[in-house]
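Take a look at the structure set out below.
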Amino acid sequence: MNARKIVKNHYKNYIDFKTLKGRAKVRYEDESRGQTVTANIRIEKGKTIWLSVSFLGIVGAKALITPTQVQYYNKLEKNYFDGDFSLLTDLLGTELTYSQLEDMLMGQAIFDLKEEKLESSIFKRSYKLQPSQNIPLFDKLFFVNSQNFKMAEQRLRQGDKARELSILYPEYQKVKGKVLPKKIDIIARENTTHTKIAFEYRTVNFDEDISFPFKIPNGYKQIQIN
């Protein structure tokens with residue numbers, strides 16, 4: 001199948017929704033620690049992503065993300081962040097916008113494939129899409145699931161900074177006719193360091209009334225990102 005048809009089928013399966021409410025198991029790992037938590041996630045499409053993370057049933061952290069702002073606080077360490085997307089850039093090792101983050105959670109390409117000149121090939125059980133001409137020092141690869149035309153993997157690499165971000169989608173699910181990821185593995189590497197976030201949806205509901213309760217407690221120390 002040629003690249004244009006693959007891209008057309010990918011956007012044909014774009015999820016149209018107003019709100020999403022879900023619960024997920026999240027595993028975080030880096031060189032020094034590993035931890036599994038439960039996360040409640042709520043999304044108002046194009047406007048807000050809200051996360052509430054629980055440790056052993058007790059809410060330990062919350063995050064509120066909008067197109068212009070990222071806020072976060074940690075009850076265990078009594079600190080908070082209130083700023084721009086530099087927090088996510090620091091975590092993932094690459095700059096992402098709000099819409100890219102939302103697309104990543106939905107199994108969509110985080111770049112507009114319709115604007116790319118792409119070459120297609122077959123890799124294992126996926127379609128591999130690669131720009132005909134990569135931007136110098138910045139490589140992009142897209143692997144499209146041949147069954148549902150959602151992303152199987154997205155890979156970004158900045159050679160000048162020895163950075164690589166891989167977003168893998170090992171399993172998909174159908175909820176009310178909508179195809180979305182059941183599992184997402186996010187792996188960020190920089191030189192010899194790495195961060196991995198394994199995300200698995202347990203429940204998902206669309207287009208329910210949702211709220212975003214969020215208030216940074218008094219007395220917490222502000223996190224600064226250089």
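If you count the sequence shown from 1, position 17 lands on 17 in the UniProt record's numbering, and the numbers rise without skipping.
Even glycine gets a Cβ: it sits at the ideal position worked out from N, Cα and C.
In this structure, Phe111 sits away from Leu96, with a CB-CB distance that is not shorter than 8 angstroms. For Tyr169, the enclosing beta strand (DSSP E) covers residues Arg163 to Val175. In the structure shown, Arg33 falls within a coil segment according to DSSP collapsed to helix, strand and coil.
A straight line joining the alpha-carbon of Tyr14 with that of Gln108 spans about 7 angstroms. In this structure, DSSP gives Ala3 a helical state, which the three-state scheme calls helix.
The secondary-structure analysis by DSSP pairs Gly22 across a beta bridge with Ile41 and Val204. Annotation: the continuous alpha helix (DSSP H) that includes Glu102 extends over Tyr98 to Met106. According to DSSP, Ser54 shares a beta bridge with Thr38 and Val59. Note on Lys128: 16 or more other CB atoms within 10 angstroms of its CB, so buried under the neighbour-count rule. Here the alpha carbons of Arg157 and Arg4 stand approximately 24 angstroms from one another. By the CB criterion at 8 angstroms, Gln133 and Leu141 fall outside the cutoff. At a Cβ-Cβ threshold of 8 angstroms, Arg155 and Ser166 count as neighbours. In the three-state scheme derived from DSSP, where H, G and I count as helix and E and B as strand, Lys215 is classed as coil.
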